[in-house]
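Enquirer:
Chains as they are written, first to last, in the numbering used here: chain L, 15 to 216; chain D, 18 to 170.
#1: Determine the direct distance from the alpha carbon of residue 127 of chain D to that of residue 120 of chain L, and round the result to whole angstroms.
#2: Per DSSP, what are the beta-bridge partners of residue 124 of chain D in this structure?
#3: Is residue 129 of chain D helix, strand or coil when you go by DSSP?
#4: Please tell me whether residue 131 of chain L and residue 113 of chain L are closer than 7 angstroms, where the distance is taken between their beta carbons.
#5: Sort D/146, D/168, D/150, D/74 by Cα distance to residue 37 of chain D and report the nearest one.
#6: Could you tell me the boundaries of the beta strand (DSSP E) in which residue 215 of chain L lies?
#7: Any idea if residue 86 of chain D is buried or exposed, counting beta-carbon neighbours within 10 angstroms, 16 or more meaning buried?
#8: In terms of residue numbering, what span does the alpha helix (DSSP H) encompassing residue 201 of chain L cover?
#9: Residue 187 of chain L: which of L/63, L/146, L/49, L/204 sits nearest, CA to CA?
#10: Consider the Cβ of residue 73 of chain D: report whether some Cβ of chain L lies at a distance smaller than 7 angstroms.
#11: Against chain L, does residue 38 of chain D count as a neighbour if the rule is that its beta carbon must be under 7 angstroms from one of theirs?
#12: Taking a cut of 7 angstroms between CB atoms, which residues from the region 160-185 of chain L lie near chain D?
#13: Going by DSSP in three states, residue 181 of chain L sits in which element: helix, strand or coil?
#14: My assumption, with CB atoms under 8 angstroms, is that residue 64 of chain D sits in contact with residue 18 of chain D. Please give the rounded CB distance.
#15: Can residue 170 of chain L and residue 200 of chain L be called in contact, C-beta distance under 7 angstroms?
#16: Which of the residues in the region 78-105 of chain L, read from start to end, lie with their CB under 9 angstroms from any CB of chain D?
#17: Check the Cβ of residue 80 of chain D against every Cβ in chain L and list those closer than 7 angstroms, keeping chain order.
#18: Can you tell which of D/21, D/40, D/33, D/164 has its C-alpha closest to the C-alpha of residue 104 of chain D?
#19: Using a Cβ-Cβ cut-off of less than 9 angstroms, give me the residues of the region 115-129 of chain L that come near chain D, in sequence order.
#20: Find the nearest neighbour of residue 116 of chain D within the set D/72, D/167, D/137, D/81, judged by alpha-carbon distance.
#21: Which residues of the region 133-152 of chain D have a Cβ closer than 7 angstroms to any Cβ of chain L? Give them in chain order.
#22: Counting only the same chain and skipping the five closest in sequence on each side, list residues whose C-beta sits under 8 angstroms from that of residue 93 of chain D.
#23: So is residue 109 of chain D buried or exposed if we call it buried at 16+ other beta carbons inside 10 Å?
#24: Just how far apart, CA to CA, sit residue 76 of chain L and residue 95 of chain D?
#25: Alpha carbon to alpha carbon, what distance is there between residue 77 of chain D and residue 165 of chain L?
#26: Compare the C-alpha of residue 134 of chain L against each of L/126, L/115, L/108, L/144 and name the closest.
#27: Quick one: Cα of residue 28 of chain L to Cα of residue 45 of chain L, how far?
#28: Would you call the CB atoms of residue 146 of chain D and residue 114 of chain D closer than 7 angstroms?
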């Protein structure tokens with residue numbers, strides 16, 4: 015590998031930190047309840063705050079949603095590379111700097127690069143959500159081979175610990191937050207999982 | 018609040034949310050890093066923190082977390098310029114020069130990560146550093162030249 019700085023070093027600041035939500039799966043959930051929960055989950059997954067950085071095989075994050083007007087690739091020819099953190103080209107953290115964990119008002123300025131208390135990065139290739147249908151995203155999220163080998167509990171814990179995901183609900187800078195709340199989204203994951211991860215047929 | 022810039026320790030009396038660029042320019046009178054946009058859109062304020070390029074307008078001093086800051090003033094060795102600076106002079110890259118300290122700091126950090134860049138790599142790394150004079154072809158040539166110098170060093 016020609017890159018001098020190892021990804022392990024660059025990703026050192028991505029260790030999970032906070033725990034903000036309660037993870038209490040329901041005792042039972044019907045398929046109908048699971049599908050209703052999935053419908054809400056899809057609203058979140060397909061929202062620009064989430065989907066813009068879930069671009070699949072493309073290493074170009076997107077700019078879309080009410081804050082951007084026209085849908086387009088991230089300005090400045092940004093490419094996250096195979097590393098997904100821009101190590102081959104321009105590190106995401108060059109502009110999306112890492113903030114202190116306790117500073118809640120770090121993203122107040124419109125049009126500035128959002129910052130969280132971990133290294134900014136693109137989602138894994140397998141988590142291909144931008145422009146994808148409800149069925150496509152549903153099947154990816156319930157497939158351990160494509161969701162990081164996560165079961166229901168692990169999906170919920172991932173949402174609890176990954177601070178970039180938390181940013182989606184408090185993006186600042188005039189950006190539209192993802193729908194519902196982090197806790198409601200985790201609750202829906204737990205309902206969907208308890209119901210057996212049902213996916214819509216059409 | 019303490020910080021180390023170009024190997025020198027400084028004590029500043031500022032609020033933790035003050036951007037590093039403000040601290041450098043207004044508190045320490047280190048004016049190589051330039052103010053261009055204040056929102057990470059232009060790259061004129063680029064410095065290194067622990068050797069990695071960062072837009073200093075986007076890093077609050079309270080988030081520096083002990084990182085050592087290097088500005089264009091501290092990039093060269095005491096008795097020789099950095100290879101990127103040498104290449105910049107040889108290729109006469111600068112026109113008005115306002116963006117050039119940011120360009121050089123970004124290029125130096127980029128070559129640390131990618132010592133043998135292609136044209137495409139350079140374009141992907143440097144497109145977030147804007148130059149209103151349009152010196153991009155010379156920037157690209159100088160980066161190739163600097164890469165060669167660093168390989169031969």
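Beta carbons are placed, not taken as given, at the ideal position from N, Cα and C, and that holds for glycine.
Expert: This is what the structure gives:
#1: For the purposes of this step, residue 120 of chain L is taken as residue 106 along the first chain, with counting starting at 1. For the purposes of this step, residue 127 of chain D is taken as residue 110 along the second chain, with counting starting at 1. Their backbone Cα atoms lie some 27 angstroms apart in a straight line.
#2: Taking the first residue of the second chain as position 1, residue 124 of chain D is located at position 107. Looking at the DSSP assignment, residue 124 of chain D forms no beta bridge with any residue, so it has no partner.
#3: Counting from one through the second chain, the residue named residue 129 of chain D turns up at place 112. In the structure shown, residue 129 of chain D sits in a helix (DSSP, three-state: H, G or I).
#4: Residue numbering aside, residue 131 of chain L sits at position 117 when the first chain is read from its first letter. Residue numbering aside, residue 113 of chain L sits at position 99 when the first chain is read from its first letter. Contact: yes.
#5: Within the second chain, residue 37 of chain D is the residue found at index 20, counting from 1. When each option's Cα is compared against that of residue 37 of chain D, the closest is D/74.
#6: Against the first chain, residue 215 of chain L aligns to sequence position 201. It is not in any beta strand (DSSP E) - residue 215 of chain L carries neither H nor E in the DSSP assignment.
#7: Counting from one through the second chain, the residue named residue 86 of chain D turns up at place 69. The residue is buried, with at least 16 neighbouring Cβ atoms inside 10 Å.
#8: One-based indexing of the first chain puts residue 201 of chain L at position 187. It spans 196-208 - the alpha helix (DSSP H) in which residue 201 of chain L sits, taken as one unbroken run.
#9: By one-based count along the first chain, residue 187 of chain L stands at place 173. The shortest Cα separation from residue 187 of chain L among L/63, L/146, L/49, L/204 belongs to L/63.
#10: Counting from 1 along the second chain, the entry for residue 73 of chain D is found at position 56. Not an interface residue.
#11: Mapped onto the second chain, residue 38 of chain D falls at position 21. The beta carbon of residue 38 of chain D does not come within 7 angstroms of any beta carbon belonging to chain L, so the residue lies off that interface.
#12: none
#13: As a first step, residue 181 of chain L must be located in the first chain, where it is residue number 167. Helix.
#14: Mapped onto the second chain, residue 64 of chain D falls at position 47. Mapped onto the second chain, residue 18 of chain D falls at position 1. Incorrect: roughly 17 angstroms between the Cβ atoms, too far for contact.
#15: For this step, residue 170 of chain L is matched to residue 156 along the first chain. For this step, residue 200 of chain L is matched to residue 186 along the first chain. Contact: yes.
#16: 89, 90, 91, 92, 93, 95, 100, 101, 102, 103, 104, 105
#17: As a first step, residue 80 of chain D must be located in the second chain, where it is residue number 63. By Cβ distance, chain L contributes 111, 112, 113, 114.
#18: In the second chain, the residue the question calls residue 104 of chain D occupies position 87. Nearest of D/21, D/40, D/33, D/164 to residue 104 of chain D, Cα basis: D/164.
#19: If you check each beta-carbon in the region 115-129 of chain L against every beta-carbon of chain D, the ones closer than 9 angstroms belong to 117, 119, 120, 123, 124, 125, 126, 127, 129.
#20: Position 99 of the second chain holds residue 116 of chain D. Taking only the C-alpha atoms, the option nearest residue 116 of chain D is D/72.
#21: 133, 138, 140, 141, 142, 144, 145
#22: Reading the second chain from its first residue, position 76 is the one you call residue 93 of chain D. Counting only Cβ-Cβ distances below 8 angstroms, and skipping sequence neighbours, we find 99, 102.
#23: Counted from its first residue, the second chain places residue 109 of chain D at position 92. Exposed, by the Cβ-count rule.
#24: On the first chain, position 62 is the one that residue 76 of chain L refers to. On the second chain, position 78 is the one that residue 95 of chain D refers to. When the Cα atoms are used, residue 76 of chain L and residue 95 of chain D turn out to be separated by approximately 43 angstroms.
#25: Taking the first residue of the first chain as position 1, residue 165 of chain L is located at position 151. Taking the first residue of the second chain as position 1, residue 77 of chain D is located at position 60. The straight-line gap from Cα to Cα measures roughly 38 angstroms.
#26: Position 120 of the first chain, counting from 1, holds the residue named residue 134 of chain L. Of the candidates L/126, L/115, L/108, L/144, the one whose C-alpha sits nearest the C-alpha of residue 134 of chain L is L/108.
#27: For the purposes of this step, residue 28 of chain L is identified with residue 14 of the first chain, where counting begins at 1. For the purposes of this step, residue 45 of chain L is identified with residue 31 of the first chain, where counting begins at 1. Only weak support is given to the placement of residue 28 of chain L: the predicted model assigns it a pLDDT of 48, under 50, and the question is left unresolved by the model.
#28: One-based indexing of the second chain puts residue 146 of chain D at position 129. One-based indexing of the second chain puts residue 114 of chain D at position 97. No, they are not a contact pair.
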